[in-house]
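If you number the sequence shown the way this note's numbering does, the last residue is 469 and the count never jumps.
Every residue, glycine too, gets a C-beta built ideally from N, C-alpha and C.
In what follows, a structure is listed as C-alpha cells, so that the remarks can point back to it.
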Amino acid sequence: MPLHKGPEKSDERPMSFNPFFGEANPVSGMTQAPPKHRLSDGPLPPSTAYQLVHDELMLDGNARLNLATFVTTWMEPQAGVLMAECEDKNMIDKDEYPRTAELEKRCVAMLADLWNAPDAGAAVGCSTTGSSEACMLAGLALKRRWAQRNADRYPARDVRPNLVMGINVQVCWEKFCNFWEVEMRQVPLEGDRYHLDPAAAAELCDENTIGVVGILGSTFDGSYEPIAELCAALDALQERTGLDIPVHVDGASGAMIAPFLDEDLVWDFRLPRVASINTSGHKYGLVYPGVGWALWRDGAALPEELVFRVNYLGGNMPTFALNFSRPGAQVVAQYYTFLRLGREGFRAVQQTTRNVARSLAERVAALGDFHLLTRGDELPVFAFTTAPEVTAYDVFDVSRRMREHGWLVPAYTFPPNREDLSVLRVVCRNGFSTDLAELFIEDLSRLLPELRRQAHPLTHDKDAATGFHH
C-alpha cells in the first residue's frame, strides 16, 4: 500500500453534492456537504453516500483500457456473484468456513499437478494476497533453510545471507531483501539481454547465498528467463564447489501461461533444483485482484518452524502468511475459474491472448516508427521503443498522447546497464479483444503525423514521466 500524508490546509474544502441526491428534501443537499478528511457529525442516506463515491471514481481510468497492468480486469458475472457471496468469509477461519478451506486446498493440489511436482500429494502451498506476499514467504523459507544449514556460523556479525537475481525483478524482491536483511545481488542487463544470465548468476553465488530467483515472465518486456539453464549453471557450480543452492521461480505471470502454451518448456518442479514457485491468481490466473499462490516442492522445502498454529478461532489451524484476516472471495473465484475452464479452457483463453499480443506487436512494427524488443510470444506482452531515426518524439510523448484517447500505456527506462533504453509496454489480457486491439492501432496511427511534426521530444524529466507499473 502507498503511504499517505494528511491533507494540506488548502484541501480542506468539504465535498459538495447535487441537491437531488437528497431523497426527501432536495434543499438539504445544499447544506449537508460532508468533510473529506474527517468523519462528519452525522450519517448520510446510503444512496447519497454511494453517489458521492461513485461520482468521484468516474475520474479513474478505464481498467479495461489499462495496458500497463497485468492484473485481471474482467471476469464472468457468475464469478462476481460467488465473490459477493463470500466477501464476509474470513479466509483464515478455516474451522468456521471449512468448505472455503477445502477449495483452497484443492487449488494448491491443482497447481502442484500443473507444475509437475514429483508427488503432488507431498507438495505444500497456500494462498496469499498476491505474488508479492508469496515471494516474501518463499524468500523467508529460503533464508530459514540456509540458516539451518549454517547454524554453526549464523547469526554472526561478519556473515550476511544474500539472494541472487536479475536486476529486472519485481520490486517485491527489493522489499524482501530490505525487510529481512538479506543482501541483494543483481545481475545487470547487457546489450540485448534484458534479463538474468545464468552463468553470471552462478558467479555471484557463495556460501552465504540462500537461493537464486528466476523470473518466468519479466515485467519489463514479457520475456521468460531461462530457468533450466539457470539450474544447469547451479548444478555445475555444485560440482565445482559443493555449494547446493536452490532456485525459486517467480512465475507471477508465466506460471499460468507456460503450462498451457509452452508445455515442452522445462521450468517447474521437473527441475530438482526448483524448491518453490509462486504465481498471481489475479494476473493470468484470471481472477480479480487479491489472490496469489506459493508452493513448495515438499515439506522439507518449507521449514516447519515458519508455520504457526492457532486455535482461538476454533480448531487447530496451521498458517503461513504475512497477514491474518482476509476475505475468502478471491480463493473461491480461483477455484471457480479452475473448475470452469479446465486445461483446454485455459489453453484457449491464453492462446487467444497471445494471438492478440503477437498480431498487435506486428502491426506496431509495421508502422515504421518503432522497434520491437519482444513480440508477445512468451508472456502475451510486448515492449517497443522508437526507431533510431525518430528524433521528433519519444516513448513518453506517445504514452502521454495515447492517454488522451483513454489508453494507459506505460513508458519507462530500463534498469542498469541499459538506462539509455526507454520503452513502451503493452500487456494483453483476457478481455483485450481483437476489436480493442484494432481501436488501439487506429488511435496510435492517427497520432503519429502530429508526433512527427514536433520539433523535439517534449519530455523534460523522464523520472517524473515514467508510467511503469508491475
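### Query
Which whole-angstrom value describes the C-beta separation of Ile209 and Val186, a residue pair presumed to lie in contact below a C-beta threshold of 8 Å?
The sequence position of residue 209 within the sequence shown is 210, counting from 1. The sequence position of residue 186 within the sequence shown is 187, counting from 1. Contact doesn't hold; Cβ gap of about 16 Å is too wide.
### Message
Going by C-alpha to C-alpha distance, which of Met14, Ile91, Phe69 sits closest to Asp54?
### Response
For the purposes of this step, residue 54 is taken as residue 55 along the sequence shown, with counting starting at 1. Nearest of Met14, Ile91, Phe69 to Asp54, Cα basis: Met14.
### Task
Would you please state the rounded distance, in angstroms, between the beta carbons of Val123 and Gly298? I believe it to be under 8 Å.
By one-based count along the sequence shown, residue 123 stands at place 124. By one-based count along the sequence shown, residue 298 stands at place 299. Their Cβ separation, rounded to whole angstroms, is 6 Å, which keeps Val123 and Gly298 in contact under 8 Å.
### Task
Answer with buried or exposed for Gly41, where buried requires no fewer than 16 other C-beta atoms within 10 angstroms of its C-beta.
Here residue 41 refers to the residue found at position 42 of the sequence shown. Here Gly41 is exposed, its C-beta having fewer than 16 other C-beta atoms within 10 Å.
### Task
Quick one: which unbroken beta strand (DSSP E) runs of 3-plus residues sit fully inside the segment 214-266? Chain order, please.
246-249
### Where Gly289 falls: helix, strand or coil (DSSP)
Residue 289 sits at position 290 when you count from the first residue of the sequence shown. Correct three-state label for Gly289: coil.
### Message
Let me confirm a value: Lys132 is counted as buried when at least 16 other C-beta atoms fall within 10 Å, else exposed. Which label applies?
### Response
Looking up residue 132 in the sequence shown gives position 133. Reading off the sequence shown, one finds Glu at residue 132, where the question assumed Lys. Label assigned to Glu132: buried.
### Query
Among the residues of its own chain, which have a CB less than 8 Å from the CB of Phe87, if the five just before and after it don't count?
Stepping through the sequence shown from its first residue, residue 87 is reached at position 88. Note that residue 87 is Asp in the sequence shown here, rather than Phe. Residues of the same chain with a CB within less than 8 Å of the CB of Asp87, apart from the 5 flanking positions on each side, are Pro326 in chain order.
### Task
Return the CA-CA distance between Pro288 and Ile440, expressed in angstroms with no decimal places.
The residue labelled residue 288 in the question sits at position 289 within the sequence shown. The residue labelled residue 440 in the question sits at position 441 within the sequence shown. About 28 Å.
### Query
So what does DSSP say about Arg479, is it helix, strand or coil?
The structure shown does not extend to residue 479, since the chain is modelled only from 0 through 469, so no value can be given for it.
### Query
Quick one: Cα of Met29 to Cα of Gln50, how far?
By one-based count along the sequence shown, residue 29 stands at place 30. By one-based count along the sequence shown, residue 50 stands at place 51. Low confidence applies here, because Met29 scores a pLDDT of 46, under 50, leaving its location unreliable; read the following figure in that light. Cα to Cα, Met29 sits roughly 15 Å from Gln50.
### Query
With Val246 and Val273 assumed to form a contact (beta carbons below 8 Å), what rounded beta-carbon distance in angstroms separates them?
As a first step, residue 246 must be located in the sequence shown, where it is residue number 247. As a first step, residue 273 must be located in the sequence shown, where it is residue number 274. With a Cβ gap of about 5 Å, Val246 and Val273 count as contacting.
### Run of the alpha helix (DSSP H) containing Ala122, from where it starts to where it stops
Here residue 122 is taken as the residue at index 123 of the sequence shown, counted from 1. Counting along the chain, Ala122 falls outside any alpha helix (DSSP H), and DSSP gives it neither H nor E.
### Query
Under a Cβ-count criterion, where at least 16 other Cβ atoms within 10 Å of its own Cβ denotes burial, should Val290 be classed as buried or exposed?
In the sequence shown, the residue the question calls residue 290 occupies position 291. Looking at its Cβ environment, which holds 16 or more other Cβ atoms inside 10 Å, Val290 is buried.
#### Entry: Stretch pair the segment 316-323 + the segment 343-363: three plus CB contacts closer than 8 Å
no
### Query
Any idea if Ala365 is buried or exposed, counting beta-carbon neighbours within 10 angstroms, 16 or more meaning buried?
Position 366 of the sequence shown, counted from the start, is the residue given in the question as residue 365. Exposed is the call here.
### Task
State the DSSP-derived secondary structure class of Phe319, mapped to helix, strand or coil.
Working through the sequence shown from its first residue, we reach residue 319 at position 320. In the structure shown, Phe319 sits in coil (DSSP, three-state: anything other than H, G, I, E or B).
### Query
Between which two residues does the alpha helix (DSSP H) containing Phe395 stretch?
Against the sequence shown, residue 395 aligns to sequence position 396. 394-402 is the span of the alpha helix (DSSP H), which, as asked, contains Phe395.
### Limits of the beta strand (DSSP E) - the one that Met164 falls within
Here residue 164 refers to the residue found at position 165 when the sequence shown is read from its first residue. Where Met164 is concerned, the enclosing beta strand (DSSP E) stretches over 161-165.
### Task
Determine the contact status of Ala78 and Thr458, defining contact as a CB-CB distance below 8 Å.
Here the question's residue 78 lines up with position 79 in the sequence shown. Here the question's residue 458 lines up with position 459 in the sequence shown. No, the pair does not count as a contact, with Cβ atoms beyond the cut-off.
### Task
Consult DSSP for Val389 and reduce its assignment to one of helix, strand or coil.
For the purposes of this step, residue 389 is identified with residue 390 of the sequence shown, where counting begins at 1. Coil, per DSSP.
### Query
Just checking, does the segment 102-109 make contact with the segment 162-179 on the three C-beta pairs under 8 Å criterion?
no
### Message
Please list the terminal residues of the continuous beta strand (DSSP E) segment that includes Tyr411.
### Response
On the sequence shown, residue 411 is found 412 positions in, with the first residue counted as 1. Looking at the DSSP string, the run of the beta strand (DSSP E) that includes Tyr411 is 410-412.
### Task
Would you mind reading off the limits of the beta strand (DSSP E) that contains Val426?
If you number the sequence shown from 1, residue 426 lands on position 427. Per DSSP, Val426 belongs to the beta strand (DSSP E) from 421-426.
### Query
Using the rule of at least 16 other Cβ atoms within 10 Å of the residue's Cβ for burial, across every protein chain shown, is Trp114 buried or exposed?
The sequence position of residue 114 within the sequence shown is 115, counting from 1. Classification of Trp114: buried, given that the 10 Å Cβ count is 16 or more.
### Query
What number of angstroms, rounded off, separates the C-alpha of Arg534 from the C-alpha of Asn207?
Given a span of 0 to 469 for the chain in the structure shown, any question on residue 534 remains unanswerable.
### Message
Contact between the segment 380-395 and the segment 229-246 is defined here as three or more beta-carbon pairs at a separation below 8 Å; is this criterion met?
### Response
Touching, no, given that fewer than three Cβ pairs across the two stretches are closer than 8 Å.
### Query
CB Tyr392 to CB Pro456, shorter than 8 Å?
Locating residue 392 in the sequence shown gives position 393, where the first residue counts as 1. Locating residue 456 in the sequence shown gives position 457, where the first residue counts as 1. Yes. Within cutoff.
### Query
By how many angstroms is the C-alpha of Met401 removed from the C-alpha of Ala454?
Within the sequence shown, the letter at position 455 stands for residue 454. Within the sequence shown, the letter at position 402 stands for residue 401. Rounded to whole angstroms, Ala454 to Met401 spans 19 Å at the Cα level.
### Query
Among the residues of its own chain, which have a CB less than 8 Å from the CB of Arg148, if the five just before and after it don't count?
Numbered from 1 along the sequence shown, position 149 holds the residue referred to as residue 148. Within the same chain, Arg148 has no close Cβ partners at all.
### Query
What residues in its chain sit with their C-beta under 6 Å from that of Leu203, if we drop five residues either side in the sequence?
On the sequence shown, position 204 is the one that residue 203 refers to. Same-chain partners within the cutoff: Val163, Arg184.
### Task
Return the CA-CA distance between Glu80 and Ala48, expressed in angstroms with no decimal places.
Numbered from its first residue, the sequence shown carries residue 80 at position 81. Numbered from its first residue, the sequence shown carries residue 48 at position 49. Here the sequence assigns Val to residue 80, which means Glu is not the residue at that position. So the alpha carbons of these two residues sit roughly 23 Å apart.
#### Entry: Pro366 (DSSP reduced to helix, strand or coil)
On the sequence shown, position 367 is the one that residue 366 refers to. The sequence given here has Leu at residue 366, not Pro. In this structure, DSSP gives Leu366 a state outside helix and strand, which the three-state scheme calls coil.
### Message
Going by the DSSP bridge assignment, what does Ser279 pair with across the sheet?
### Response
Taking the first residue of the sequence shown as 1, we reach residue 279 at position 280. According to DSSP, which records beta bridges pairwise, Ser279 is partnered with Gly291.
### Task
Return yes when the Cβ of Lys282 is within less than 8 Å of the Cβ of Glu69, no when it is not.
Along the sequence shown, one-based indexing puts residue 69 at 70. Along the sequence shown, one-based indexing puts residue 282 at 283. Looking at the sequence provided, one finds Phe at residue 69 rather than Glu. Taking 8 Å as the Cβ cut-off, Phe69 and Lys282 qualify as a contacting pair.
### Query
Under a three-way DSSP split, which group does Thr68 fall into?
Within the sequence shown, residue 68 is the residue found at index 69, counting from 1. The answer is coil: DSSP assigns Thr68 none of H, G, I, E or B.
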